[in-house]
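Number of protein chains: 2
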Amino acid sequence: MKNFTLRTPTEIVFGRDIESQIGPKLKALGAKRVLVHFGGSSARSSGLLGKVEESLGNAGLGFVELGGVSPNPKVALARKGMELAKREGIDFVLAVGGGSVIDSAKAIAMGAATGRDPWEFASTGTAPDRTLPVGTVLTLAAAGSEMSNSCVLTNEETKEKRGITSETNRPVISFLNPENTFSVSKFQTGCGVVDIMMHTLERYLTPNDGETDLTDRLAEGLLIAVRDAGRRAILDPRDYEARATLMWAGSVSHNNLTECGRSRLFPVHKIEHEFSALHDEIAHGAGLSVLFPAWAAFILPHDVMRFAQLANRVLGVEMDFSCPERTAREGVQTLKRFFEEIEMPTHIAQLGVKPSEYELLAENAMKTAGGPVKSHMPLGKEELLEIFRLAE
Amino acid sequence: MKNFTLRTPTEIVFGRDIESQIGPKLKALGAKRVLVHFGGSSARSSGLLGKVEESLGNAGLGFVELGGVSPNPKVALARKGMELAKREGIDFVLAVGGGSVIDSAKAIAMGAATGRDPWEFASTGTAPDRTLPVGTVLTLAAAGSEMSNSCVLTNEETKEKRGITSETNRPVISFLNPENTFSVSKFQTGCGVVDIMMHTLERYLTPNDGETDLTDRLAEGLLIAVRDAGRRAILDPRDYEARATLMWAGSVSHNNLTECGRSRLFPVHKIEHEFSALHDEIAHGAGLSVLFPAWAAFILPHDVMRFAQLANRVLGVEMDFSCPERTAREGVQTLKRFFEEIEMPTHIAQLGVKPSEYELLAENAMKTAGGPVKSHMPLGKEELLEIFRLAE
Chain A
1 MKNFTLRTPT
11 EIVFGRDIES
21 QIGPKLKALG
31 AKRVLVHFGG
41 SSARSSGLLG
51 KVEESLGNAG
61 LGFVELGGVS
71 PNPKVALARK
81 GMELAKREGI
91 DFVLAVGGGS
101 VIDSAKAIAM
111 GAATGRDPWE
121 FASTGTAPDR
131 TLPVGTVLTL
141 AAAGSEMSNS
151 CVLTNEETKE
161 KRGITSETNR
171 PVISFLNPEN
181 TFSVSKFQTG
191 CGVVDIMMHT
201 LERYLTPNDG
211 ETDLTDRLAE
221 GLLIAVRDAG
231 RRAILDPRDY
241 EARATLMWAG
251 SVSHNNLTEC
261 GRSRLFPVHK
271 IEHEFSALHD
281 EIAHGAGLSV
291 LFPAWAAFIL
301 PHDVMRFAQL
311 ANRVLGVEMD
321 FSCPERTARE
331 GVQTLKRFFE
341 EIEMPTHIAQ
351 LGVKPSEYEL
361 LAENAMKTAG
371 GPVKSHMPLG
381 KEELLEIFRL
391 AE
Chain B
393 MKNFTLRTPT
403 EIVFGRDIES
413 QIGPKLKALG
423 AKRVLVHFGG
433 SSARSSGLLG
443 KVEESLGNAG
453 LGFVELGGVS
463 PNPKVALARK
473 GMELAKREGI
483 DFVLAVGGGS
493 VIDSAKAIAM
503 GAATGRDPWE
513 FASTGTAPDR
523 TLPVGTVLTL
533 AAAGSEMSNS
543 CVLTNEETKE
553 KRGITSETNR
563 PVISFLNPEN
573 TFSVSKFQTG
583 CGVVDIMMHT
593 LERYLTPNDG
603 ETDLTDRLAE
613 GLLIAVRDAG
623 RRAILDPRDY
633 EARATLMWAG
643 SVSHNNLTEC
653 GRSRLFPVHK
663 IEHEFSALHD
673 EIAHGAGLSV
683 LFPAWAAFIL
693 PHDVMRFAQL
703 ANRVLGVEMD
713 FSCPERTARE
723 GVQTLKRFFE
733 EIEMPTHIAQ
743 LGVKPSEYEL
753 LAENAMKTAG
763 GPVKSHMPLG
773 KEELLEIFRL
783 AE
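Each protein sequence line maps, in turn, to chains A and B. Residues 1 to 392, numbered by this note's numbering, are exactly what the first sequence covers, in order. Residues 393 to 784, numbered by this note's numbering, are exactly what the second sequence covers, in order.
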């Protein structure tokens, strides 16, 4: 295993009826004037925004609202939020929503604390050393941004999508009530399940990391729990225990616990980001669902035993000792069938991506990566095109 | 699952050759004058203390030393450390050692920050709202105090052993180099393996917590990893990967991750504390190794399916669908055989405890608990005596 550092300071407040704790907790953290950041009208119509603002008001905290975050959050709105925060004397940014809202809140917090344009950080991938404190009230189990050190921004003008990873980026507090995800659609639930699994799978399927037995076992346990809860939540969206497992797993899967001692490469995420940057309508989880099985089929010969371990321990595939590659391939197929079972796409055409766009997507991925995308082997244009063909 | 809060802010710096980071990291945390707290002479003779102090000196930090911590750390030394810290203007307490040294450091930090006697906190179980920052350089994978919110102190005069649990009690930073555990004896390694497993087992085997699937899977993965690494470290004390798994598992097993959504009762720890309070020579892990199988055999009928889950998922016992209790009991026996395999005691006489002491031990446990010890049923005197007899 590799040396590592880990710090996960985000306070997690988890469970039913926790919204009344928001005001007192933020007050204890020193907040005085809060920017309440959210997406569409459902935050209000569900009653959640009302509960949040009631709790803030009861604690004597002032607040201003900024809604309108869309999936693949845009730098334009973050700029607007940053100006609003400066003008209103905001000292705490509270995201009420899913990963896009939280990522937008992180960008606003960076911009407001430094006076610098958020895209400056995104385009260079470097975060400032200070930011406003960010809190979250989560409504979607998926991105893990509520506990992670990263955020992703999209520049609509240049059609670029870029990530910022920095320890200053971790929210100080996150309120996780699984009931707030009961109304998430079957499709978005499926996208979340895939995204959560991928955050751990991308860390699990890295090359040359040697033995990381505890990290492996935790990762495998998380993947099993998410698969089982995913099935349940798709069948019954009001299954509290299943929603709770997905919600907590979303945080744990991306807070770096399943990375300890391993590398961070994230090739499938990097490739997928080009898909949703080019086609804003592509849901991140859906893109991953299409690309992962293809990437895995392509990469698997470089690390057969690792893929066989995944197949055997997580996906219930019996080890074929005479041909471990058969086990490994059956594991990828089993996962692909699971994605299909929860009604996620597994063919590139289902994303609306045409073969004529493959070249551009491959070039964009290499441009963003500054060369071939790093994986078990460098993924240059030829390799990326092969992966796209395997995803057909 | 129950509602929960979780905050694990301790920065973990893990791996080989990390000692040179100690000075710079403490400086970045604002330390100016450090109390270096340790146990016996091995901290110096191993060269570790020299490396730590060299790093502090290179970073321009002043320090004073206080050694002499013994197993089951005594309040007398903590009082001495507290006076020393005040006299020397200490602003950071750095524990170099295992759980006892860290617990002593936590007590010193509380006393120095408040000017109040550490036993005051221990005897009432309430921590102050402020403390000096504590860091750790770990040399023993066992207690998990390097990331936990708790510490345990012993009062030699009254032969009482008491715990303090508070979020202010978590170290701000812990340096974990598995090589620093290569010299840990076979016996102490075994004690550590049992203690680590018990920190998760006590959280796993709680009554009436409903479904906690993710927490279960993480707990089960940790237990499997510790069992496998424990075997390896006993066979080859210089097996880096096995030592790394034990060291990281020690932290994760007691930082509350495996408690999320579940209760905290810790009956076996509570009973064992009376054993090592009465007999200072009883190693905590050895006491647990004797008491857990007996407690489990006694409690198991109250929650057969939970013990069967443990047996099946962690201990490789095939589920007996016609008689789940058989599965559950075979699981406890399998774990007991594992403890014996790593040369841990499983009979009460091996601890030097005589049947004539059973009554006193039971009475002390109830005195500390302020009544019967809480478990799946209240463990009053009669039940505790039965558990001691089952441990014979």
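From the three backbone atoms N, C-alpha and C, an ideal C-beta is built for every residue, glycine too.
query, result
"Buried versus exposed, by CB contacts within 10 Å (16 or more), B:D608", "buried"
"Alpha-carbon spacing of A:D91 relative to A:R130, whole angstroms", "13 Å"
"Among A:V172, A:E359, A:A141 and A:L56, the one whose alpha carbon lies nearest that of A:E11", "A:V172"
"Contact list for A:F4 against chain B, beta-carbon separation under 8 Å", "I404, F406 and G407"
"As assigned by DSSP and simplified to three states, the class of B:P401", "strand"
"Coarse secondary structure for B:K419, derived from DSSP in three states", "helix"
"Contact set between the segment 215-234 of chain A and chain B, restricted to residues whose Cβ is under 9 Å from the partner", "T215, D216, R217, L218, A219, E220, G221, L222, L223, I224, A225, V226, D228 and A229"
"Sequence-distant residues of the same chain with beta carbon closer than 8 Å to A:H279, five excluded per side", "L351, G352 and V353"
"Buried/exposed call for B:K759, threshold 16 Cβ in 10 Å", "exposed"
"Three-state class that DSSP yields for A:G50 in the structure shown", "helix"
"At least 3 beta-carbon pairs within less than 8 Å: the segment 696-711 of chain B vs the segment 760-767 of chain B", "no"
"Inside the segment 274-348 of chain A only - alpha helix (DSSP H) runs reaching at least 4 residues", "284-299, 304-313 and 324-341"
"Of the listed residues B:W511, B:T550, B:E673 and B:G439, nearest to B:V488 (C-alpha basis)", "B:G439"
"Inter-stretch contact (C-beta, 8 Å, three-pair minimum) for the segment 216-235 of chain A and the segment 243-253 of chain A", "yes"
"Straight-line Cα distance separating A:L153 from A:A107", "8 Å"
"Neighbour-count burial assignment, A:E330, 16 or more Cβ in a 10 Å radius", "buried"
"Short Cβ contact (8 Å threshold) for A:S174 with A:L138", "yes"
"Pair within 8 Å by beta-carbon distance, A:R262 and A:T206", "yes"
"Local Cβ density within 10 Å of A:N149, reported as buried at 16 or more and exposed below that", "buried"
"Secondary structure of A:K32, DSSP reduced to three states", "coil"
"Chain-order list of residues whose beta-carbon lies under 8 Å from that of A:E318 (same chain, five-residue window excluded)", "N312 and T327"
"From B:P465, B:L453 and B:M502, residue whose alpha carbon lies closest to that of B:A477", "B:M502"
"Under 9 Å by beta carbon: chain A residues contacting B:R399", "T8, P9, T10, E11, I12 and I173"
"Reference B:R425, options B:N756, B:I734, B:V467 and B:L524, closest by Cα", "B:L524"
"Interface flag, B:T637 vs chain A, CB-CB below 8 Å", "yes"
"Per-residue DSSP class, three states only, for B:F513", "helix"
"Sufficient close CB pairs (3 or more, under 8 Å) joining the segment 10-25 of chain A to the segment 408-420 of chain B", "no"
"For A:T165, three-class secondary structure by DSSP", "strand"
"Contact set between the segment 674-695 of chain B and chain A, restricted to residues whose Cβ is under 7 Å from the partner", "none"
"Contacts that B:E710 makes with chain A (C-beta to C-beta distance below 9 Å)", "Those do not exist, as B:E710 stays about 15 Å from chain A at its closest Cβ, beyond 9 Å."
"8 Å Cβ cutoff met for A:E341 and A:V268", "no"
"Sequence-distant residues of its chain with Cβ nearer than 7 Å to B:P737 (five each side left out)", "A678, S681, V682 and L743"
"Distance, A:L6 Cα to A:I271 Cα", "26 Å"
"Contact with chain C by B:E538, beta-carbon distance below 8 Å", "Checking the listed chains, one finds no chain C in this structure; the protein chains it contains are A and B."
"With 16 other Cβ atoms within 10 Å as the buried cut-off, status of A:D239", "buried"
"Chain B contact for A:A349 (CB, 8 Å cutoff)", "no"
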